[in-house]
Structure formats: structure tokens, C-alpha cells
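Chains A and B are the protein sequences, given in the same order.
Going by my numbering, the first sequence opens with residue -18, and the numbers climb by one from there.
Going by my numbering, the second sequence opens with residue -18, and the numbers climb by one from there.
There are 2 protein chains.
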Amino acid sequence: MTGTLTIAGLGPGDLALVTPEVSAALADATDIVGYAPYVARVPVRAGLTLHASDNRVELLRAGEALRLASEGRRVVVVSSGDPGVFAMASAVFEALEASPQWQGLPIRVLPGVTAMLAAAARIGAPLGHDFCAINLSDNLKPWPMIERRLRLAVEADFAIALYNPRSVSRPEGFGRVLEILGEAGRDDRLVMFARAVSTPEERIETVMLREARPEMADMRTLVIVGNSATRRVGRWVYAPRQAR
Amino acid sequence: MTGTLTIAGLGPGDLALVTPEVSAALADATDIVGYAPYVARVPVRAGLTLHASDNRVELLRAGEALRLASEGRRVVVVSSGDPGVFAMASAVFEALEASPQWQGLPIRVLPGVTAMLAAAARIGAPLGHDFCAINLSDNLKPWPMIERRLRLAVEADFAIALYNPRSVSRPEGFGRVLEILGEAGRDDRLVMFARAVSTPEERIETVMLREARPEMADMRTLVIVGNSATRRVGRWVYAPRQAR
Chain A
-18 MTGTLTIAGL
-8 GPGDLALVTP
2 EVSAALADAT
12 DIVGYAPYVA
22 RVPVRAGLTL
32 HASDNRVELL
42 RAGEALRLAS
52 EGRRVVVVSS
62 GDPGVFAMAS
72 AVFEALEASP
82 QWQGLPIRVL
92 PGVTAMLAAA
102 ARIGAPLGHD
112 FCAINLSDNL
122 KPWPMIERRL
132 RLAVEADFAI
142 ALYNPRSVSR
152 PEGFGRVLEI
162 LGEAGRDDRL
172 VMFARAVSTP
182 EERIETVMLR
192 EARPEMADMR
202 TLVIVGNSAT
212 RRVGRWVYAP
222 RQAR
Chain B
-18 MTGTLTIAGL
-8 GPGDLALVTP
2 EVSAALADAT
12 DIVGYAPYVA
22 RVPVRAGLTL
32 HASDNRVELL
42 RAGEALRLAS
52 EGRRVVVVSS
62 GDPGVFAMAS
72 AVFEALEASP
82 QWQGLPIRVL
92 PGVTAMLAAA
102 ARIGAPLGHD
112 FCAINLSDNL
122 KPWPMIERRL
132 RLAVEADFAI
142 ALYNPRSVSR
152 PEGFGRVLEI
162 LGEAGRDDRL
172 VMFARAVSTP
182 EERIETVMLR
192 EARPEMADMR
202 TLVIVGNSAT
212 RRVGRWVYAP
222 RQAR
């Protein structure tokens, strides 16, 4: 039997946001590999082995998934959101590069609704004009690089989606982000906090930059910083399509 | 009867990439409003009225959708991909801002798999590190702004997703983009062309910047420009998580 490796995105939380393609892959799998809270979202059934691991062991987890596939298993590596956005897909390809013996395995990546899209939909359309996405987490890049990117993103007038604003490894970073935005731009810029979108714990809050506080974000929050034209209409926030 | 307005993303093309949430909204709708090729993707059934319109009339279309909802219809505005990324959501909120009489209508935005996520999944994980998305189309912003954003995006070392590289209104822009990237960076940077992902016309091609030609993209192509660390492993392309 030839094993397969599928890297799948479970979306932000609600089952109604899991694509049929991903549901079919989960139904066909022999093994699920992933960070424990994401593995817990996969329906349990006879014949399915769950391999739940801790956070921050992405490369080990990717290697385990490749090994299982090489032994003939139908393995699905699960990520929240989309597997290609600050999630498991890059880790699997890193592990694959380090392990040439597995490079012939059949691999598929199945996209999903990443957190910024789910958050934007609840808020209105804050990503309706050019935007960028920056990961504040993981100790995988030096902090000065993050500051530099933020300043350039403001200069480019991108809307900015911030993933992992209050990660365990770098909880203080988000306060510094708010300071940099304050130095760089207008303090009436809109800042949107979208927590645990599509779950029972969902909470959406929009404030002006001068009202934003680090503690408004936690580990389950996606933050979107509006561009200079982002505006409110009723309870909604959107970026106009037109720019001058 | 109270009308409703739902702004839904149909994903890149394949039915297996339409979320159950969107499928349920389509099944419950009385009216579908959208650009003709997207409306054509909605299953026809008795009792469902299709309102297909031309490209480049987004505000008119948004106004029509709001009017239908105000008359008590259950209206779904369809976009390809995600409705909040260079699609109909911003246009609906613009129309809503101009029409205060409709601001009490129940509105929902349903996210979808946007083109860059579907493209990235086919390619590997080129958006696995910080990235930005720039729309080259639509005459909705001055060209110098696009050039400026591109240069800043290269300076920030973002991977860059380019939507609408060869729009009817600005087909020559993409050639200029390639020139700017050549002036700004290394000519061995990877450039990925993902055409009509998840449809029978899908075609994926990765080249080095110095080999990239404007005609490699057409109106159905999403282009991803790698960051300075983006690399190949076998037939895959990915952005390493780590940056220095």
C-alpha cells in the first residue's frame, strides 16, 4: 500500500467552514497528526489513530507525519485556518528537504479559511484593498525584522493582519507594535480585534489606535490594523476599493 | 417578510472548496446577484432568480442587491474566492454607506478560500512566512501607488501575491511589475504563476524572475513572488518559517 501525506486546513473553528475537500480527506485518513487542540477537532472513529503533539514542535511533528506516510499510512496533518499561512505546510516541506528518502511520497496541500479572512468577514471588509499579513510569534525571526516590516507596511499604507499578537514566547511584542503604529501614523486609525472567530468564544471589537491596549489581544486573537482610508458604516468596518 | 443580504465567497472554482456555510446560504436564497461567470457557478433550481451582471459595475450590482433585500428577498451576492479580498464585500459596504435607508438590513459576510490560498496550496507553501497581497487591476488606484507598494514590499522582504496581473483595464502593468522587481531585487527570486486553480484549466508554473515574461500571466492567473528565502524542494516551492 502506498502511503499519502495530506496537509489540511480546518478553518477557524466552525464545522460549517471546513471545506468538503478537507472533510473527505479526514474521512479517508488512517492517521491524524497535529497540535492537540486541532487534532481534537477531528471526529473520532474506529480505525483512525490520533497523534496529538505540543505546540512548538512543528518539525518533529512533520517528520513523524512523513515517516508514517512512508510506512503506508494515509496521514493528514491538520492546521487551524489555512495550512499555508503560519501553519504546518512550511514545516512539512522543511522536513521533506532534510529527508530526501521521502521526497517521492504523494503529498497534497488542502487550503482552508485562514483566520484573517474569517475575522474580516465578521468585521465587514477591512481587507478589501491591498494588505499584508505579519506573524508576531514563534521566535522564528529577529524582532528588529518585525519592527522594520511594520514600518514599511504603514509606509505602503497596507491594511495589516497580525497573527499571534500575544504568543507565549513573545507576549510583550504587541505592546511595542501599538507604539510603532502610533509613532508612524495617525492615532485615529482603526484597530480591530477578532477573538476565536466562529467559536462560542467569539468576540469582535474595533477601536481607534489611541484607544488600543495590549491586553485587548490574547493568544486566540487576530488583529487587523486598517489602512488610512478604512472606515465605519453602522456596525461594519471596510476598506474602500478606491485609493488616491 | 424581512429580507437579508449575504455576501458569499465561492472559492476558486471546485465545488469541493465551497464551504458548507456558503452552500447552505445558496440553498436558502431567493436571489443570486453577481458577475455572470460567478452566478453561473450557482446550481439552478425552481424559485431561485439569478441576476447576472457585467464586470466593472460593482457599485450598481451592490445597490441592486440591497434594494432586493429591502423588498424582502433573501439575496446572496456571490464572489469568486473570498468576498472580502478584492471582491464584492467592500462594494456592498460602499453602497450601504451611500444609502442610509438600508443600514438596518440584516447583512452577513461568509468567507471563502481566496485565490492566493488555493494557489499557494498547489505550489507548496510560498505564503508560509510574512506576505502581502496587491491588486493590479481595476483603475481604482493610481499606478504610482502600485509601484510604490511593490518597492516597499520588496524592501520588507514580503512574499507578494499579485491579483489580476493582466486585467483588461491595465494589461501592460504586469510587465512593469516584473521590471520593478528586477530593479529591486535578485533576479533568481522565484515567481509562481497559478492559473485557474482547481478548474480543468489549471496550470502551475514556477520560474526565476529573470525568466518571467508578462505573457505567462493572463486574466485568470494569480502570481506569487517569493521572498528572498523562498526555495524549491522537489516539485514544491515553500517559504521557510525561519528568517534571519
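C-beta: ideal position from N, C-alpha, C; glycine also.
Subject >> Contact check, B:T202 vs B:P125, beta carbons under 8 Å >> reply: Here B:T202 is not near B:P125, since their CB atoms are 8 Å or more apart.
**OP:** Taking C-beta pairs closer than 8 Å, name the residues in chain B that A:Q84 reaches, listed in chain order.
**Re:** Those within 8 Å of A:Q84 in chain B are V214 and G215.
Subject >> Boundaries of the alpha helix (DSSP H) in which A:A17 is found, first to last residue >> reply: Element bounds for A:A17: A17 to V20.
Original post:
Does the Cβ of B:P181 have 16 or more other Cβ atoms within 10 Å, making it buried, or fewer, making it exposed?
Top reply: exposed
**OP:** Count the other C-beta atoms from every protein chain shown that fall within 10 angstroms of the C-beta of B:L41, then say buried if there are 16 or more, exposed otherwise.
**Re:** exposed
Subject >> Candidates A:A68, A:R54 and A:L108, of which the one nearest A:G(-8) by Cα >> reply: Comparing Cα-Cα distances from A:G(-8) to each of A:A68, A:R54 and A:L108, the minimum goes to A:A68.
Original post:
Where are the alpha helix (DSSP H) runs, 4 residues long or more, that stay fully inside the region 83 to 133 of chain B, in chain order?
Top reply: 96 to 104
Original post:
Per DSSP, what kind of secondary structure is A:A224 in: helix, strand or coil?
Top reply: coil
Original post:
Going along chain A, which residues have a C-beta under 7 Å from B:M126?
Top reply: A224
Original post:
CA-CA distance, B:G93 and B:V(-1)?
Top reply: 7 Å
**OP:** Tell me whether B:S118 is buried or exposed, calling it buried when 16 or more other Cβ atoms sit within 10 Å of its Cβ.
**Re:** buried
**OP:** Can you tell me which of the three DSSP states B:A10 falls into?
**Re:** coil
**OP:** Identify whether A:M173 lies in helix, strand or coil by the three-state DSSP scheme.
**Re:** strand
Original post:
Closest by CA to A:E128, which one among A:G154, A:E192, A:S150 and A:A137?
Top reply: A:G154
Original post:
Looking at C-alpha atoms only, which residue of A:A101, A:G28, A:P18 and A:S51 is the closest neighbour of A:T(-13)?
Top reply: Selected option, being the one with the closest Cα: A:S51.
Original post:
In this structure, what does DSSP give as the bridge partners for B:V188?
Top reply: B:V172
Subject >> Host alpha helix (DSSP H) of B:V158 (start-end) >> reply: G154 to A165
Original post:
A:D111 and B:L98: beta carbons closer than 8 Å?
Top reply: no
**OP:** Given a cut-off of 8 Å, decide if A:G166 and A:V214 are closer than it, judged by their beta-carbon atoms.
**Re:** No Cβ-Cβ contact shorter than 8 Å links A:V214 with A:G166.
**OP:** State whether the region 4 to 12 of chain B contacts the region 172 to 192 of chain B, with contact taken as three or more CB pairs (one from each stretch) at a distance under 8 Å.
**Re:** no
Original post:
Just how far apart, CA to CA, sit A:L108 and B:A101?
Top reply: 19 Å
**OP:** Provide the residue span of the beta strand (DSSP E) that contains A:S34, from first to last.
**Re:** Start and end: T30 to S34.
**OP:** Please state whether DSSP places A:R213 in a helix, a strand or coil.
**Re:** strand
Subject >> Bridge partners - B:G(-10), DSSP secondary structure assignment >> reply: B:S60
Original post:
What's the gap between the Cα of B:R89 and the Cα of A:V23?
Top reply: Rounded to the nearest angstrom, the two C-alpha atoms are 27 Å apart.
Original post:
So, are the CB atoms of A:V206 and A:A140 less than 8 Å apart?
Top reply: yes
Original post:
Helix, strand or coil: which one does DSSP assign to B:A72?
Top reply: helix
Original post:
Since A:A(-3) and B:P81 are thought to touch, with beta carbons under 8 Å apart, how far apart are those beta carbons, to the nearest angstrom?
Top reply: Incorrect: roughly 32 Å between the Cβ atoms, too far for contact.
Original post:
Starting from A:A46 and walking both ways along the alpha helix (DSSP H), at which residues does that stretch end?
Top reply: E39 to S51
Subject >> Proximal residues of chain A, C-beta to C-beta of B:F74 below 7 Å >> reply: G105, A106, V214, W217 and Y219
**OP:** Put B:A142 into one of helix, strand or coil per three-state DSSP.
**Re:** strand
Subject >> Pick from A:R212, A:R216 and A:W217 that is closest to A:A224, judged by C-alpha positions >> reply: A:R212
Original post:
Checking contacts by CB at 8 Å: is A:I115 closer than that to chain B?
Top reply: yes
Original post:
Is it right to say B:A17 is buried, meaning 16 or more other beta carbons lie within 10 angstroms of its own, or is it exposed?
Top reply: exposed
**OP:** At 8 Å on the CB atoms, spell out the chain A contacts of B:A(-3), in chain order.
**Re:** For a Cβ distance threshold of 8 Å, residue set T0, P1, E2 and A5 of chain A lies close to B:A(-3), ordered along the chain.
**OP:** Name the two residues that bound the continuous beta strand (DSSP E) containing B:L203.
**Re:** T202 to V206
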